[in-house]
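Counting along the sequence shown from 1, when you hit position 181 you're at 737 in the working numbering, and nothing is skipped either side. All C-beta atoms in this analysis are idealised placements derived from N, C-alpha and C, irrespective of residue type, glycine included.
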Amino acid sequence: MTAVSEIVLPITFESLGLAAPILEAIKAAGYTEPTPVQARAVPEAIKGRDLLVSSQTGSGKTAAFMLPALQKLTQQHEKPGRGPRILVLTPTRELAVQVTKAADTYGRNLRVKTLSVVGGMPYPLQNRMLKNGVDILVATPGRMLDQMNSGRIDLSRLQFLVLDEADRMLDMGFKDDLEAILAKVPKTRQTMLFSATIEPGIVRLASSFLRDPLRIAVDTAQTRHVNISQRLHFADDMGHKNRMLDNILKGTDLHQAIVFTSTKRSADQLAQTLHIAGHSAAAMHGDMNQGARNRTLQALRRGGLKVLVATDVAARGIDVQGISHVINYDLPTQAEDYVHRIGRTGRAGRSGTAISFANVRDHHMVRSIERFTTQKIEVAVILGLEPKMRPFLKPAPRGTKPGGGKSYARPAQRGAHRSAARTSPYPR
Ligand code: ADP
Ligand code: MG
Numbered sequence: 557m558t559a560v561s562e563i564v565l566p567i568t569f570e571s572l573g574l575a576a577p578i579l580e581a582i583k584a585a586g587y588t589e590p591t592p593v594q595a596r597a598v599p600e601a602i603k604g605r606d607l608l609v610s611s612q613t614g615s616g617k618t619a620a621f622m623l624p625a626l627q628k629l630t631q632q633h634e635k636p637g638r639g640p641r642i643l644v645l646t647p648t649r650e651l652a653v654q655v656t657k658a659a660d661t662y663g664r665n666l667r668v669k670t671l672s673v674v675g676g677m678p679y680p681l682q683n684r685m686l687k688n689g690v691d692i693l694v695a696t697p698g699r700m701l702d703q704m705n706s707g708r709i710d711l712s713r714l715q716f717l718v719l720d721e722a723d724r725m726l727d728m729g730f731k732d733d734l735e736a737i738l739a740k741v742p743k744t745r746q747t748m749l750f751s752a753t754i755e756p757g758i759v760r761l762a763s764s765f766l767r768d769p770l771r772i773a774v775d776t777a778q779t780r781h782v783n784i785s786q787r788l789h790f791a792d793d794m795g796h797k798n799r800m801l802d803n804i805l806k807g808t809d810l811h812q813a814i815v816f817t818s819t820k821r822s823a824d825q826l827a828q829t830l831h832i833a834g835h836s837a838a839a840m841h842g843d844m845n846q847g848a849r850n851r852t853l854q855a856l857r858r859g860g861l862k863v864l865v866a867t868d869v870a871a872r873g874i875d876v877q878g879i880s881h882v883i884n885y886d887l888p889t890q891a892e893d894y895v896h897r898i899g900r901t902g903r904a905g906r907s908g909t910a911i912s913f914a915n916v917r918d919h920h921m922v923r924s925i926e927r928f929t930t931q932k933i934e935v936a937v938i939l940g941l942e943p944k945m946r947p948f949l950k951p952a953p954r955g956t957k958p959g960g961g962k963s964y965a966r967p968a969q970r971g972a973h974r975s976a977a978r979t980s981p982y983p984r
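Quick look at the structure:
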């Protein structure tokens, strides 16, 4: 069955069933053909199916849900009113704003009102905009619920609900807000869930609010990331991490980078350290005011900022095409976050580099990431910055020649990041 459906896949935007004004907007955006996830999801969504869709980071999922949503808006609604007909929920404010922009881009030839309702935005302005009416609302759950409870959002016209980064939206942190929102949306709406990582547990959780959903998985659940080259450097301590980071950031192949830290404090501190060392760097995390967050992301998009040091607030969805490198200064605490973090590079088929630092305590996390992605991360060293420690390495088998093929920090060509071992050294 799969084989048959692959043969008959539509391959042009014209064949997906979209109205002419939408097709024109797609053309103006410079897209020549649909990405695989768009080719598969758009026609099914137009038919009215509930969807559960996983597809690699940077593969065009936004258009995959926004195009059929816009198509819906080309049809008259029987109910007059000012409430949204399309609601997209996202985990972060920055992603909500980005999705709203995408709606504006793809909907430019339609008369649609789009609006982001996110925290950190002044209420009077937001309230006024809501009063003026909206067709497509893109929101973060907290502020959405807040505005619903104040009676400023009428959901009776809602036809289409999208959870972007769906697995994150169903996480503990958002669960209560999400359930409260779901309780108030019309039962008749169409629902679509999108993420790069949709695990079986998520499918079970989601089945309670989906109607006979169609599961679309482009690539595997973990996605292959063939366009992102991944490597891992062992780090002795923070000083060692800082020296390696400085070396990587000075690399001529590095255009822009996101460096992930595990805490807001260390994001601030590291951004400061890099700034003093002469790098164009700034921090982004959840304790910053929204104005500063927006300015920083804007600077990154415009190319005025080279290095963003961020917590996982920047791990999901953010699409900045100049990001050539993702560096995990600290490893994430959940394996799926690794996939989302490295997916900030290699957008829309480009190539990218993902580098992780790991110390002796990271053994289990590295293994769990490798299990999740079903890929081994190659261990590498930077010439002159080799680690003193060799964490988790199995002792060399008896008889191995010193400097032999499997030696750990064998000298490499100058400046090269060389692979230390063909396979991961983690004991299995
Ligand atoms: P995802 O949500 O899957 O991570 P996005 O929707 O953010 O990916 O899209 C990634 C990038 O690909 C965006 O910059 C977007 O403009 C671009 N893009 C989307 N669809 C196409 C297409 N059909 N052709 C070319 N570029 C596309
Ligand atoms: Mg996305």
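* To do: Would you kindly report the start and end of the unbroken beta strand (DSSP E) that includes residue 924?
  => Residue 924 -> not in any beta strand (DSSP E); alpha helix (DSSP H) instead, spanning 919–929.
* Asked: What is the DSSP secondary structure of residue 835, counted as helix, strand or coil?
  -> coil
* Would you call the segment 832–850 and the segment 885–899 in contact, with 3 or more CB pairs under 8 Å? -> no
* Asked: Distance, Cα to Cα, residue 568 vs residue 579?
  -> 10 Å
* Apart from the five residues on each side of it in sequence, which residues of its chain come closer than 6 Å, Cβ to Cβ, to residue 653? -> 672
* Asked: To which residues of the same chain is residue 556 closer than 8 Å at the C-beta, ignoring the five residues directly before and after it?
  -> Residue 556 falls outside the range modelled here, since the chain spans only 557 to 984, and no answer is possible.
* To do: Measure the Cβ-Cβ separation of residue 584 and residue 664 and say whether it is below 9 Å.
  => Between residue 584 and residue 664, the gap from beta carbon to beta carbon is short of 9 Å.
* Report yes if the CB atom of residue 750 is closer than 9 Å to the CB atom of residue 876, and no otherwise. => no
* **Residue range of the beta strand (DSSP E) that includes residue 992** => The structure shown does not extend to residue 992, since the chain spans only 557 to 984, so no value can be given for it.
* Inspect the CB distances between the segment 861–874 and the segment 760–774 and report whether three or more fall short of 8 Å. => The answer is no - the segment 760–774 does not touch the segment 861–874, with fewer than three Cβ pairs under 8 Å.
* Asked: Straight-line CA distance for residue 645 to residue 761?
  -> Per the coordinates, the alpha-carbon of residue 645 lies some 17 Å from the alpha-carbon of residue 761.
* residue 811 lies in the beta strand (DSSP E); which residues open and close that run? -> Residue 811 -> no beta strand (DSSP E), and no H or E assigned at all.
* Within 8 Å: the Cβ of residue 611 and any heavy atom of ligand 1? -> Correct: residue 611 has its Cβ closer than 8 Å to ligand 1.
* Taking 9 Å as the cut-off, decide whether the C-beta atoms of residue 945 and residue 790 are in contact. => yes
* **Simplified DSSP state of residue 913, which is helix, strand or coil** => strand
* **Nearest candidate by alpha-carbon position, reference residue 719, set 848, 696, 835, 706** => For the residues 848, 696, 835, 706, the minimum Cα distance to residue 719 belongs to 696.
* Identify every residue that forms a DSSP beta bridge with residue 785. => 909
* Within the structure, which residues are defined as neighbours of ligand 2 by a Cβ-heavy atom distance below 5 Å, reported in chain order? -> 617, 873
* Can you say whether residue 940 is buried or exposed, counting buried as having 16 or more other CB atoms within 10 angstroms of its CB? => exposed
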